[in-house]
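Protein chains in written order, with numbering that gives the first Met the number 0: chain A, 0 to 150; chain B, 0 to 500.
Glycine included, C-beta positions come from ideal geometry on N, C-alpha and C.
Since the structure comes first, as structure tokens, the remarks are kept for the end.
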Amino acid sequence: MIRKMHDALSGLLIASVGGLYLWKSVTELDIGTPFNMGAGYLPMLISFGLVLVGAVISFNSTKGTPQTEKFANLPWRAIVCVFAAMLAFALLLHQAGLFPTVAVVSILAGLASSQRLIQRISVAIGVALFCTIIFYFVIGLPVTVIGNWRF
Amino acid sequence: MDLVNNIILGLQVASSPENLLYCFIGVLLGTLVGVLPGLGTLATVAMLLPLTYSLEPTAALIMLAGIYYGSQYGGSTTAILVNLPGEAASAVTTLDGYQMARAGRAGAALAAAALSSFFAGTVATILIAAVAKPLTSLALSFGPAEYFALTMLGLVSAIALSSGSVLKAIAMALLGLLLGLTGTDLYTAMPRFTFGLLELEQGIDVAAIAVGAFGIAEILRNFEGKVDDAPQVSNVGRLMPTREDLRRIIGPAIRGTGLGSLLGVLPGSGALLASFMSYNIERRLSPNGYEFGKGAIEGVAAPEAANNAAAQTSFIPMLALGLPSNVVMALMIGALMIQGITPGPNVVTSQPGLFWGLIASMWIGNLMLVVLNLPLIGIWVRLLTVPTWVLYPAIVAVCCIGVYSLNNSTFSIYILIASSLFGYFATKAGYELPPFILGFILGPMVEEYLRKAMSLSGGDPTVFLTHPISAGLLAVAVAVLVFSALPKIKMRRKEIFVPED
């Protein structure tokens, strides 16, 4: 039945996003007239189009040649590690300061590949040092190097 | 002559110590990041985009342009020395460039690439200078209806030229448009789609999206398959090409330049197409055609010239019309808009220093590439040996800091995270990103022109058809869309448009 799962799901997702924005355009914003377009006019048209396209893509997933291997070998470890690294940056920067935050980011991102602990630590320190020198001392980014650790 | 005066003005602006410095930094950084295997031109430009925000518009654009062709040069360096194309456009250079490197002639290949690129850059700069004024005069007679049609044509071209399914490209374009409209509506001052978040009321920062969708997503893609450590780098050897070499690269460089200049102006991946086509054409035309694939220096000179020419002439639609012909131009438009400059034909008259200064600095940047980067090749080679487990954490950290610095807000990081995941999974599911970014950048413009046109016509939608230029552009857009959806063309598109690796 569904030959291409990623198409079915993505099509549905797109249609839902379109639906959400369509709903918001119509209820929250002023539509106006073609002569005097309100804030919601064009978004309404576009999100309607999105719903249509999403539905068609989803529908088309029942036709054509099946494709399932595409998603078989995703680098999940890397995805999780890089995601965690960026999240850590957002959460830690203000409280921990630039140097510790970058070190943590480095370690988390580095977990995506296998290496010895000593390599991880030296890279973390090296990158943190590099970033602190370039971004704090040279460029003058308004951050603290070591934060106040008040969470 | 007016042209000469403008060029002189441009040179004056471009050779101010500040602008020279930023040009140099841009070229240097661009080459530095472009050299890294696994990071293409787009990823490089996207990742370095935040750095230009704090600069003046002229300096920012000069630096961005420098990053652009610097990264292309870096990409071809990697292609020649390591047989790893940083992106699809350098793939052609690996064919003969790497073979030359294996035969100990890497230096000559690198020199050929640099010299042909410089030649192409010079010619392209002159072309831009010559064409810009007449084109902008034409564009100044455009009204909102014509501009709307132009933006539609740009979007449709991006859709038509993406290598996936047309439907998915349309979806991405629409999604981009919608997200581009996030923020505060200029006309009615109403917040749109901000989901109650104060940070979204200024709109979503294009740089945060670009770094995530093109930079981080590229890193994630590099983790697919085997991740090996430092690749084998060939010896550089003699840098100076022989007289025979120089004689052989003249023809290909000229032909490549001609082809690239034409293709760069057309919307779509001009540089990619230009390098492929140039290689094939040169192979057929050259008396040494049989050598292609085994280390013919023409096989390096032609695509490199075409590549650079296309990259430079792709500035023309952006500068003259305010319309991006590829994703990098879209990002530049985004950068300009953040600076408060709306690119379009008015820029020539309202900001002649910016306009002509940029054009002049493109030539200066090309010169810098030849004069400075060739001797620095040793450093680039050293960079290539840095293992990925050092590089990737550093890149992730720098991207985070860069995006944070846009608004000194950690909220931008959340946008970064979302767009990285979006960029990665979308391309995995067969959705191409260029239509999305173009839609995102063009969104507010499309709305403005649509509103103005409708307002002027009294709510009459046929105004787009009654204005001849607008009707013509829309007709071309429709034709392009229909054409690209036809099954026969679909197959050809799959052949020609190699997806970004």
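Among the residues of its own chain, which have a CB less than 7 Å from the CB of residue i, if the five just before and after it don't count?
i	result
residue 31(A)	37, 40
residue 93(A)	146
residue 374(B)	none
residue 59(A)	6
residue 121(B)	362, 365
residue 105(A)	122, 123, 126, 127
residue 103(A)	87, 91
residue 421(B)	212
residue 65(B)	22, 25, 26, 29, 364
For residue i, return the contacting residues in chain B, with the cut-off set at a CB-CB distance below 7 Å.
i	result
residue 32(A)	458
residue 89(A)	409, 412, 413
residue 108(A)	391, 392, 395
Using a Cβ-Cβ cut-off of 8 Å (strictly less than) and excluding sequence neighbours within five positions of residue i, which residues of its own chain qualify?
i	result
residue 134(A)	97, 140, 142
residue 427(B)	none
residue 473(B)	148, 151, 152, 463, 464
For residue i, go through chain A and note every residue whose CB falls closer than 8 Å to its CB, in chain order.
i	result
residue 355(B)	Here the premise fails: no neighbours, minimum Cβ distance about 29 Å.
residue 1(B)	None at all; the shortest Cβ gap to chain A is about 40 Å.
Whose Cβ in chain A lies nearer than 9 Å to the Cβ of residue i?
i	result
residue 418(B)	Within 9 Å Cβ-Cβ: nothing; residue 418(B) doesn't reach chain A, min ~11 Å.
residue 449(B)	36, 40, 41
residue 483(B)	Within 9 Å Cβ-Cβ: nothing; residue 483(B) doesn't reach chain A, min ~15 Å.
residue 362(B)	None at all; the shortest Cβ gap to chain A is about 28 Å.
residue 378(B)	Within 9 Å Cβ-Cβ: nothing; residue 378(B) doesn't reach chain A, min ~16 Å.
Looking only at its chain, what residues have a beta carbon closer than 6 Å to the beta carbon of residue i, apart from the 5 residues adjacent to it on each side?
i	result
residue 320(B)	138
residue 82(B)	93, 97
residue 500(B)	Unreliable positioning characterises residue 500(B) in this predicted model, as indicated by a pLDDT of 33, which lies under 50. The coordinate reading is nonetheless provided below. Here the set comprises nothing.
residue 84(B)	78, 90, 93
residue 73(B)	30, 33, 34
residue 60(B)	357
residue 431(B)	161, 163, 168
What are the start and end residues of the alpha helix (DSSP H) that includes residue i?
i	result
residue 372(B)	Run containing residue 372(B): none; DSSP gives neither H nor E here.
residue 450(B)	433-456
residue 114(A)	Per DSSP, residue 114(A) belongs to no alpha helix (DSSP H) and is neither H nor E.
residue 466(B)	From DSSP, residue 466(B) is part of no alpha helix (DSSP H); its letter is neither H nor E.
residue 357(B)	351-367
residue 29(A)	Counting along the chain, residue 29(A) falls outside any alpha helix (DSSP H), and DSSP gives it neither H nor E.
residue 430(B)	Per DSSP, residue 430(B) belongs to no alpha helix (DSSP H) and is neither H nor E.
residue 162(B)	Careful: residue 162(B) lies outside any alpha helix (DSSP H) and carries neither H nor E.
residue 201(B)	Residue 201(B) -> no alpha helix (DSSP H), and no H or E assigned at all.
residue 218(B)	216-221
residue 148(A)	Note, residue 148(A): premise wrong, no alpha helix (DSSP H); not H, not E.
residue 11(B)	1-13
residue 232(B)	Premise fails: residue 232(B) is in no alpha helix (DSSP H) and is neither H nor E.
residue 73(B)	56-81
residue 132(B)	105-139
When the Cα atoms are used, what is the spatial distance from residue i to residue j?
i	j	result
residue 195(A)	residue 80(A)	The requested residue 195(A) is not part of the displayed model; chain A covers only 0 to 150.
residue 503(B)	residue 337(B)	Residue coverage of chain B in this structure runs from 0 to 500, which leaves residue 503(B) outside it and unanswerable.
residue 127(A)	residue 108(B)	37 Å
residue 476(B)	residue 155(B)	6 Å
residue 99(A)	residue 131(A)	10 Å
residue 25(A)	residue 197(B)	21 Å
residue 113(B)	residue 106(B)	10 Å
residue 1(B)	residue 132(B)	10 Å
residue 280(B)	residue 75(B)	20 Å
residue 24(B)	residue 55(A)	48 Å
residue 170(B)	residue 435(B)	8 Å
residue 58(B)	residue 47(B)	14 Å
residue 468(B)	residue 34(A)	22 Å
residue 177(B)	residue 82(A)	25 Å
residue 46(A)	residue 16(A)	8 Å
residue 483(B)	residue 134(B)	28 Å
What residues from chain B crowd round residue i, counting only those whose CB sits closer than 8 Å?
i	result
residue 104(A)	392, 395, 396, 399
residue 141(A)	407
Output, in chain order, the set of chain B residues within a Cβ distance shorter than 9 Å of residue i.
i	result
residue 62(A)	Chain B residues near residue 62(A): none, gap ~12 Å exceeds 9 Å.
residue 11(A)	Going along chain B, no residue has its Cβ under 9 Å from residue 11(A), so there is no contact; the nearest lies around 12 Å.
So does residue i have its beta carbon nearer than 7 Å to some heavy atom of the ligand ATP?
i	result
residue 380(B)	Within the structure as shown, the ligand ATP is missing, as the structure has no ligands at all.
What residues of chain A sit near residue i, judged by a beta carbon separation below 7 Å?
i	result
residue 222(B)	74, 77, 111
residue 404(B)	140
Under 7 Å (Cβ pairs) to chain A, residues found in the stretch 130-164 of chain B: none
Contact residues within the stretch 183-203 of chain B, judged by C-beta distance below 8 Å to chain A: Hits within the stretch, in order: 184, 186, 187, 189, 191, 192.
Proximal residues, the stretch 57-82 of chain B versus chain A, C-beta separation under 8 Å: none
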